[in-house]
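Each residue of the sequence shown is one higher than the one before, starting from 1 at the first, in the UniProt record's numbering. By construction, the Cβ of each residue, glycine as well, lies at the ideal position given by its N, Cα and C atoms. This structure is a prediction, so every number in the text was calculated from the model and none was measured.
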Amino acid sequence: MQALCLEKKQLILQDNIPIPKPLAGEALVRVHLAGICATDLELVKGYYPY
1 MQALCLEKKQ LILQDNIPIP KPLAGEALVR VHLAGICATD LELVKGYYPY
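Shown next, in the form of structure tokens:
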């Protein structure tokens, strides 16, 4: 599977991540589409003190 990871204030796309096995009481959700807005990227870059 692919994963978008945040490392040192940078978003990094990682391929071939093993698919996790959910534990009791957890669920594994397949995401078909996801969106990131400009504000999300500004938060990652540290432009806002959140």
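(message) Could you give the first and the last residue of the continuous beta strand (DSSP E) run that contains leucine 11?
(response) 10 to 14
(message) For the region 1 to 17 against the region 38 to 45, do three or more pairs of beta-carbon atoms, one drawn from each stretch, fall closer than 8 Å, so that the two count as touching?
(response) yes
(request) Quick one: residues in its chain with C-beta nearer than 6 Å to the C-beta of leucine 3, no 5 flanking neighbours on either side, listed in chain order? (result) Just to set this straight, residue 3 is alanine in the shown sequence, not leucine. Excluding residues within five positions, the ones whose Cβ falls inside 6 Å are Gln14 and Ile17.
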